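Since the structure comes first, as structure tokens, the remarks are kept for the end.
In the working numbering, the protein residues as written are 2 to 438.
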């Protein structure tokens, strides 16, 4: 579930300080968003939330564990004992049948108050509900939810930066908003929205919410870089355990059976610099209560030095990996060094399959129950990739040469609805939806 995965923030989670926004920044925000979603998800902003362990769930599959990948990072990230708690799964859920679409058409989404720019950051599995934010004429941000094409404002507390990140099939959305009376006191607060009402998630003073499944379980983080799961919108969060050697973790997405995926930082520094960034490893918390590292992929014949996982659906997890942390730490966002050093990765948690996709420039933005993906290719085009073929998604306007003007961020389980953003003829970001067949 993605969310708004906006190497500075090679780790894209909720920012720890709000942005000062105008329309020009909104345009840059969208164009950088794909480039910023990178390898480590490590820094104060990037290590937000990505782990959930579950003892058992009504509809949860009990998948076999796999050995951790070899290397320095994996030796520090060993299995821990089974935690004494349960994360809700969605009873009776099954994978919908789908035939890979071969072409897609584009429509612009309406935006409240005719705001000049907007983006989509998340969607529920059918694509009927979408969430994101607009950039009003007066400046700042405005959280937005779309239902069957209708757009409504969601009035999150605070007047700084805000965003809805994900939504489930009941129309319950989660996200964060910055609040505070001064710089030292300002930070993100996690919120949930349902039936026109906004509520603060309990148990944390500062933090963010990133994903919600159809059972209503929510994953996120707190300001102490702890991975959290709220079993429901009204219950206290569970602070997910870290194995020895891990300094912080992110809980980024939750599957229908309660499986959570994320990224763990293994010791050392987590701030990008000329010397690199702290190594990160992709991590999963399974419905049977076990948790472990996902295998590190191989890039150009060499095991990746760092990797992160950002989304999961029906056991298909997606993320990115890099050959070395020095290149990632010093390369500019979207630069040639960083593009060459990173690869899109897809894991299948049940079988242990790991596949690297060289054709996706920065990693996939979203996956669905069939393991299909949307992302940006090496030519800067938004693409929809199934195991059968790749469909290039149309732009709202002619893109500039070499530019990154269109980004797909959500993908329905049947592959028929994709949403994201595209520059209009004036260069402003617009929220869009593709209908595929």
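Think of the CB as a built atom: it goes at the ideal place given N, C-alpha and C, for glycine as much as any other residue.
Keep in mind the model is a prediction, meaning the values are calculated, not measured.
Distance, Cα to Cα, residue 357 vs residue 393? Within the chain shown, numbered from 1, the residue matching residue 357 stands at position 356. Within the chain shown, numbered from 1, the residue matching residue 393 stands at position 392. Approximately 20 Å, taken between the alpha carbons.
Any contact of the stretch 222–235 with the stretch 243–263, i.e. 3+ C-beta pairs under 8 Å? yes
Alpha carbon to alpha carbon, how far is residue 434 from residue 419? Give it in angstroms, no decimals. Working through the chain shown from its first residue, we reach residue 419 at position 418. Working through the chain shown from its first residue, we reach residue 434 at position 433. Approximately 6 Å between the Cα atoms of the pair.
Any contact of the stretch 93–105 with the stretch 153–172, i.e. 3+ C-beta pairs under 8 Å? no
When we look at the beta-carbon of residue 235 and count the other beta-carbons within 10 Å, is it buried (16 or more) or exposed? Here residue 235 refers to the residue found at position 234 when the chain shown is read from its first residue. Per the 10 Å Cβ criterion, exposed.
Mapping DSSP to helix, strand and coil, what is residue 279? For the purposes of this step, residue 279 is taken as residue 278 along the chain shown, with counting starting at 1. Residue 279 falls in the coil class under three-state DSSP.
What residue from 399, 166, 183, 414 has the CA that sits closest to residue 385's CA? Within the chain shown, the letter at position 384 stands for residue 385. The shortest Cα separation from residue 385 among 399, 166, 183, 414 belongs to 414.
Could you tell me if residue 169 is buried or exposed, where buried requires 16 or more neighbouring beta carbons within 10 angstroms of its beta carbon? Position 168 of the chain shown, counted from the first residue, corresponds to residue 169. Result: buried.
Straight-line CA distance for residue 427 to residue 152? As a first step, residue 427 must be located in the chain shown, where it is residue number 426. As a first step, residue 152 must be located in the chain shown, where it is residue number 151. Looking at the two C-alpha atoms, the distance is approximately 22 Å.
So, is residue 364 buried or exposed, given that buried needs 16 or more other C-beta atoms within 10 angstroms? Indexing the chain shown from 1 puts residue 364 at position 363. With 16 or more Cβ atoms within 10 Å of its Cβ, residue 364 is classed as buried.
With DSSP run on the structure shown, which of helix, strand or coil describes residue 185? Reading the chain shown from its first residue, position 184 is the one you call residue 185. Correct three-state label for residue 185: helix.
Is the Cβ-Cβ distance between residue 205 and residue 211 less than 8 Å? The residue given as residue 205 occupies position 204 in the chain shown. The residue given as residue 211 occupies position 210 in the chain shown. In this structure, residue 211 does not lie closer than 8 Å to residue 205 by Cβ.
When you compare the CB positions of residue 307 and residue 320, do they come within less than 8 Å of one another, or not? Along the chain shown, one-based indexing puts residue 307 at 306. Along the chain shown, one-based indexing puts residue 320 at 319. Cβ atoms of residue 307 and residue 320: not closer than 8 Å.
Would you give the residue range spanned by the beta strand (DSSP E) that residue 323 belongs to? What you label residue 323 is simply residue 322 of the chain shown in a count that begins at 1. Start and end: 317–323.
Are the Cβ atoms of residue 182 and residue 189 separated by less than 8 Å? Residue mapping note: residue 182 aligns to position 181 of the chain shown, counting from 1. Residue mapping note: residue 189 aligns to position 188 of the chain shown, counting from 1. Contact flag unset, no.
What does a CB cutoff of less than 8 Å around residue 398 pick up in its chain, not counting 5 residues either side in sequence? On the chain shown, residue 398 is found 397 positions in, with the first residue counted as 1. Result list for residue 398: 406, 423, 424, 425, 426, in chain order.
Please report the straight-line C-alpha distance between residue 295 and residue 261, rounded to a whole angstrom. To locate residue 295, count along the chain shown from 1; it is residue 294. To locate residue 261, count along the chain shown from 1; it is residue 260. Roughly 12 Å between the two C-alpha positions.
Mind listing, in chain order, the continuous alpha helix (DSSP H) runs of no fewer than 4 residues lying wholly within the stretch 125–194? none
Quick check: what's the CA-CA separation for residue 116 versus residue 145? Counting from one through the chain shown, the residue named residue 116 turns up at place 115. Counting from one through the chain shown, the residue named residue 145 turns up at place 144. Taking the straight line from one Cα to the other gives about 11 Å.
With DSSP as the reference, label residue 49 as helix, strand or coil. The residue labelled residue 49 in the question sits at position 48 within the chain shown. Caution is warranted here: a pLDDT of 29 is assigned to residue 49, below 50, making its placement in the model unreliable, and the coordinate value is therefore given only provisionally. Note: residue 49 maps to coil in three-state DSSP.
Would you mind sorting residue 92 into buried or exposed? The rule is 16 or more other CB atoms within 10 Å of its CB. Here the question's residue 92 lines up with position 91 in the chain shown. Answer is exposed; the Cβ neighbour count stays below 16.
My assumption, with CB atoms under 8 Å, is that residue 173 sits in contact with residue 195. Please give the rounded CB distance. As a first step, residue 173 is located in the chain shown; it is residue number 172 there, counting from the start. As a first step, residue 195 is located in the chain shown; it is residue number 194 there, counting from the start. Their Cβ separation, rounded to whole angstroms, is 4 Å, which keeps residue 173 and residue 195 in contact under 8 Å.
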